[in-house]
Every structure is written in structure tokens, then in C-alpha cells.
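Colleague:
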Amino acid sequence: LFLIHRSVNQESSDYTGEMEFRDAKRFKQSESSSDENSDDENGIGKISLLDFPNEILFRIFAHFDLASRRKMRINKRLEEIEMATEYRYKELEINVDGSGVTFKCDGSEMKMHHFEIKEEFERLGKNTHFDNVVYRSIAPVDQDTAWKTKFLKATKIEFDFMALMAEDLPYMVKNKEKIIVVKESSISEDGLYWLYKRMSEDKLDVKFVRIESDDCETKWEFRRKINNLDYEEEDYFDYNEDVIEIREGNVRVVINGIIAGRRNRDGPCFISFEIVDEVEERNRKEEEEED
Numbered sequence: 047l048f049l050i051h052r053s054v055n056q057e058s059s060d061y062t063g064e065m066e067f068r069d070a071k072r073f074k075q076s077e078s079s080s081d082e083n084s085d086d087e088n089g090i091g092k093i094s095l096l097d098f099p100n101e102i103l104f105r106i107f108a109h110f111d112l113a114s115r116r117k118m119r120i121n122k123r124l125e126e127i128e129m130a131t132e133y134r135y136k137e138l139e140i141n142v143d144g145s146g147v148t149f150k151c152d153g154s155e156m157k158m159h160h161f162e163i164k165e166e167f168e169r170l171g172k173n174t175h176f177d178n179v180v181y182r183s184i185a186p187v188d189q190d191t192a193w194k195t196k197f198l199k200a201t202k203i204e205f206d207f208m209a210l211m212a213e214d215l216p217y218m219v220k221n222k223e224k225i226i227v228v229k230e231s232s233i234s235e236d237g238l239y240w241l242y243k244r245m246s247e248d249k250l251d252v253k254f255v256r257i258e259s260d261d262c263e264t265k266w267e268f269r270r271k272i273n274n275l276d277y278e279e280e281d282y283f284d285y286n287e288d289v290i291e292i293r294e295g296n297v298r299v300v301i302n303g304i305i306a307g308r309r310n311r312d313g314p315c316f317i318s319f320e321i322v323d324e325v326e327e328r329n330r331k332e333e334e335e336e337d
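Numbering (this note's numbering), first residue to last: 47 to 337.
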């Protein structure tokens with residue numbers, strides 16, 4: 047085992063991958079080592095990161111954050127090692143504005159241009175999983191990068207982006223496992239119905255989607271569509287019912303805040319879609335009956 051530490055601040059722009067380790071004479075240097083790899087006055091040997099065997103590099107790379115990984119792509123060999131390493135992070139926060147895109151992930155931070163995002167997300171999608179992704183955007187529509195999140199693999203993703211439309215739904219649900227939360231958006235009843243049908247036909251991986259919205263008219267139109275009702279069947283609705291639950295097959299739909307002007311609600315209005323696990327549902331009901 048070697049005690050390894052960085053000899054150059056990895057946050058600096060001129061970081062070249064050089065590292066130091068104690069007891070350097072015990073390490074067999076490769077032919078690529080330069081003559082400058084000699085002990086300093088403290089007895090600390092210097093060696094290029096490229097002199098390490100791949101087995102050691104894989105262990106080193108496994109501990110890198112997003113910013114460090116990007117800076118370590120200094121040649122083909124290190125790029126291949128990075129891409130062959132599996133990563134998992136807790137949270138990725140993406141902030142988009144007119145000047146670029148800022149990433150914050152488990153303590154690291156980096157800034158990128160809009161045109162770099164597609165390639166970066168494609169890279170991350172091949173070997174990186176996030177427990178939670180938060181996407182916020184105040185960028186003009188032509189500079190937005192929201193659709194590129196389809197490459198990211200995540201358990202949960204939250205969109206805080208008011209310009210989201212029905213046509214954005216296909217990329218929002220791609221590669222996402224369980225939960226998608228959309229803040230106030232412009233998703234129409236047709237988009238909501240598309241999502242409902244795809245989930246009911248088991249054509250999506252996602253198990254839960256929640257879309258926050260105060261648009262009561264869109265919710266009414268979606269409810270008519272899902273129940274196949276026309277405008278002559280208005281009596282079907284209970285106008286005093288502000289929260290509605292609809293169960294069709296394995297999909298549970300909850301519409302919260304369907305009555306315009308209703309005050310004193312607990313939390314934001316929303317519509318949610320959930321794939322119901324029959325076994326879990328049965329166990330839950332049995333537990334409730336026992337209580």
C-alpha cells in the first residue's frame with residue numbers, strides 16, 4: 047500500500063496528473079517515467095500518474111468527483127479508464143442561465159458552456175448513476191439544455207423549469223427509475239394523457255411522476271379525457287371534491303387542486319401518476335386492517 051497525495055492542486059487549470067508517494071523506491075517505475083522522477087529533500091519520490099498500472103488507476107479514479115474526472119481526461123488512456131469506472135453520486139444540481147451551465151455534485155462544482163452539455167451528459171449516462179438530480183433553468187428557450195437530461199441515469203429527477211411542455215415528457219422520463227417531480231409547467235391535458243397511457247401500458251421505466259400545477263382547467267380536461275366523457279356529462283363531477291383519485295389497472299392517478307379558487311390547501315396543487323405494486327398494496331392494506 048502506498049500513501050498517495052496530490053502534488054499539485056487539482057482545482058488549478060494546469061493540473062497534469064502528477065502525483066507523489068512516499069517510499070518511492072519500492073515502486074517499480076515503467077519505462078515511461080522521466081529522469082525528473084527523483085527524490086526531493088524530504089525523501090518523497092515524484093512520479094507521473096501515467097506510470098501507475100491500470101489496477102491502481104481504477105482505484106484512484108473511483109474516488110474522483112465530477113470536476114476531477116473532467117480534468118483528468120488528458121489522454122486516451124486516462125479517458126478510457128474513466129469511462130470503464132462505475133460511479134454513483136448522491137445529488138447533482140444543474141443550474142442553467144444565459145451564460146452557461148453550473149454543476150454542483152457532492153461538494154464539487156464546475157461550469158460549462160451550453161454546447162458542451164450534450165457530450166458531457168452522454169458520457170455520464172454510460173457509467174454514472176445519481177440518486178437525485180435537480181434541474182433549474184432561467185435560460186432562454188434556445189439555450190436550454192433540459193432535453194439532454196434524457197442521457198442521465200437517476201433514481202429521482204426534479205425539474206424547476208416553467209417552460210416545460212407536453213413534447214418534453216418523453217425525454218424527462220427516459221433513464222429515470224422511480225420519481226420525477228415537475229415544478230409549475232405548461233404541460234397540456236394531451237401530455238398528461240400521453241403519460242397516463244404510456245405508464246398504464248407499462249412502456250416506461252419510471253414508477254412515479256408528480257407534476258405541480260395550478261391550472262384547474264387542464265386538470266378538468268384531463269379528467270374528462272381519462273374517463274372518456276363529453277361536455278354533456280358534467281353531472282358526473284362532484285364540484286366540491288378538490289382531491290380526486292382514479293385507479294385504472296396498475297396506475298393510480300391523484301389530482302390535487304381541481305377546483306379553481308379553493309384556498310387553504312396544504313402544499314402545492316399537483317397531478318401524480320403512480321405504478322401500483324399489487325403485493326405492496328395488499329401488504330399495506332393488511333397492515334392497516336391490523337391497526
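Every residue, glycine too, gets a C-beta built ideally from N, C-alpha and C.
Look at F268 and L238 and say whether their C-beta atoms are less than 8 Å apart.
Modeller: Stepping through the sequence shown from its first residue, residue 268 is reached at position 222. Stepping through the sequence shown from its first residue, residue 238 is reached at position 192. Yes, Cβ-Cβ distance for F268 and L238 is below 8 Å.
Colleague: Starting from G237 and walking both ways along the alpha helix (DSSP H), at which residues does that stretch end?
Modeller: As a working note, residue 237 is residue 191 in the sequence shown. Where G237 is concerned, the enclosing alpha helix (DSSP H) stretches over 235 to 246.
Colleague: Is it buried or exposed for E336, if we count other Cβ within 10 angstroms and need 16 for buried?
Modeller: Taking the first residue of the sequence shown as position 1, residue 336 is located at position 290. Answer is exposed; the Cβ neighbour count stays below 16.
Colleague: Which residues in the same chain as I203 place their Cβ atom closer than 6 Å to its Cβ, once the five residues preceding and following it in sequence are excluded?
Modeller: The residue you call residue 203 lines up with position 157 of the sequence shown. Cβ neighbours of I203 beyond the five flanking positions: V179, K222, I226.
Colleague: Pick helix, strand or coil for V325, following the three-state DSSP scheme.
Modeller: Locating residue 325 in the sequence shown gives position 279, where the first residue counts as 1. Residue state, collapsed to three classes: helix.
Colleague: Should E333 be labelled buried (16 or more other beta-carbon atoms within 10 Å of its own) or exposed?
Modeller: Counting from one through the sequence shown, the residue named residue 333 turns up at place 287. Burial call: exposed.
Colleague: Return the chain-ordered list of same chain residues with a C-beta closer than 7 Å to the C-beta of D111, the five sequence neighbours on each side being excluded.
Modeller: By one-based count along the sequence shown, residue 111 stands at place 65. So the qualifying residues of the chain are C151, D152, G153, S154.
Colleague: What distance in whole Å lies between the Cβ atoms of F319 and N302, which are believed to be in contact at a cut-off of 8 Å?
Modeller: In the sequence shown, residue 302 corresponds to position 256, counting from 1. In the sequence shown, residue 319 corresponds to position 273, counting from 1. 13 Å between Cβ atoms; not a contact.
Colleague: Within the same chain, show all residues whose beta-carbon is closer than 7 Å to that of Y242, passing over the 5 residues directly before and after it, in chain order.
Modeller: Position 196 of the sequence shown holds residue 242. Here the set comprises I272, V297, V299, F319.
Colleague: In whole angstroms, what is the alpha-carbon distance linking K224 and N100?
Modeller: If you number the sequence shown from 1, residue 224 lands on position 178. If you number the sequence shown from 1, residue 100 lands on position 54. About 35 Å.
Colleague: DSSP puts M158 in a beta bridge; with which residues?
Modeller: The residue given as residue 158 occupies position 112 in the sequence shown. V147.
Colleague: Expressed to the nearest angstrom, what Euclidean distance is found between the alpha-carbon atoms of D190 and D251?
Modeller: For the purposes of this step, residue 190 is taken as the residue at position 144 of the sequence shown. For the purposes of this step, residue 251 is taken as the residue at position 205 of the sequence shown. One C-alpha to the other measures close to 25 Å.
Colleague: In terms of DSSP beta bridges, what is L138 paired with?
Modeller: If you number the sequence shown from 1, residue 138 lands on position 92. DSSP output for L138 lists C151, V179 as bridge partner(s).
Colleague: Only counting the same chain, and skipping five residues up and downstream in sequence, which positions put a Cβ closer than 7 Å to that of R244?
Modeller: Indexing the sequence shown from 1 puts residue 244 at position 198. The answer, listed in chain order, is L250.
Colleague: How long is the line joining the alpha carbons of Y135 and L198, rounded to whole angstroms?
Modeller: As a working note, residue 135 is residue 89 in the sequence shown. As a working note, residue 198 is residue 152 in the sequence shown. If I take the Cα positions, the gap works out to 12 Å.
Colleague: Output the boundary residues of the beta strand (DSSP E) element that contains K201.
Modeller: In the sequence shown, the residue the question calls residue 201 occupies position 155. Reading off the sequence, residue 201 comes out as Thr, not Lys. That run of the beta strand (DSSP E) goes 199 to 206.
Colleague: For R119 and F107, what's the separation of their Cα atoms in angstroms?
Modeller: Taking the first residue of the sequence shown as position 1, residue 119 is located at position 73. Taking the first residue of the sequence shown as position 1, residue 107 is located at position 61. If you take the alpha carbons of R119 and F107, they lie about 11 Å apart.
Colleague: Can you tell me whether F98 is helix, strand or coil according to DSSP?
Modeller: In the sequence shown, the residue the question calls residue 98 occupies position 52. F98 falls in the coil class under three-state DSSP.
Colleague: Please confirm whether any heavy atom of the ligand MN lies closer than 7 Å to the CB of V252.
Modeller: The ligand content of the structure shown is nil, which means the ligand MN is not present either.
Colleague: How about V228 and E263: do their beta carbons lie closer than 8 Å?
Modeller: As a position in the sequence shown, residue 228 is number 182, starting the count at 1. As a position in the sequence shown, residue 263 is number 217, starting the count at 1. The answer is no: Cβ separation not under 8 Å.
Colleague: Can you pull the DSSP bridge partners for Y133?
Modeller: One-based indexing of the sequence shown puts residue 133 at position 87. Paired residue(s): T174.
Colleague: Given a threshold of 16 other Cβ atoms within 10 Å of its Cβ, counted over all protein chains shown, does A130 qualify as buried or as exposed?
Modeller: For the purposes of this step, residue 130 is taken as the residue at position 84 of the sequence shown. Looking at its Cβ environment, which holds fewer than 16 other Cβ atoms inside 10 Å, A130 is exposed.
Colleague: Give the secondary structure of E230 by DSSP, where H, G and I count as helix, E and B as strand, and everything else as coil.
Modeller: Residue mapping note: residue 230 aligns to position 184 of the sequence shown, counting from 1. Three-state DSSP puts E230 in coil, outside helix and strand.
Colleague: Considering only residues of the same chain and omitting the five flanking positions on each side of E291, which have a CB-CB separation below 6 Å?
Modeller: For the purposes of this step, residue 291 is taken as the residue at position 245 of the sequence shown. Around E291: V300.
Colleague: Could you tell me which of I127, W240, K331 sits nearest to V255, measuring between CA atoms?
Modeller: Here residue 255 refers to the residue found at position 209 when the sequence shown is read from its first residue. Nearest C-alpha to V255: W240.
Colleague: In or out: I184 buried (at least 16 other Cβ within 10 Å) or exposed?
Modeller: Here residue 184 is taken as the residue at index 138 of the sequence shown, counted from 1. Answer is exposed; the Cβ neighbour count stays below 16.
Colleague: For the alpha helix (DSSP H) that contains I272, what are its first and last residues?
Modeller: Mapped onto the sequence shown, residue 272 falls at position 226. That run of the alpha helix (DSSP H) goes 262 to 272.
Colleague: Between the alpha carbons of I163 and V147, how many angstroms are there, rounded?
Modeller: Within the sequence shown, numbered from 1, the residue matching residue 163 stands at position 117. Within the sequence shown, numbered from 1, the residue matching residue 147 stands at position 101. Cα to Cα, the separation comes out at about 8 Å.
Colleague: What's the gap between the Cα of L210 and the Cα of R328?
Modeller: Residue numbering aside, residue 210 sits at position 164 when the sequence shown is read from its first letter. Residue numbering aside, residue 328 sits at position 282 when the sequence shown is read from its first letter. Each residue's alpha carbon lies about 36 Å from the other.
Colleague: Count the other CB atoms within 10 Å of the CB of R115; is the residue buried (16 or more) or exposed (fewer)?
Modeller: Counted from its first residue, the sequence shown places residue 115 at position 69. Buried, by the Cβ-count rule.
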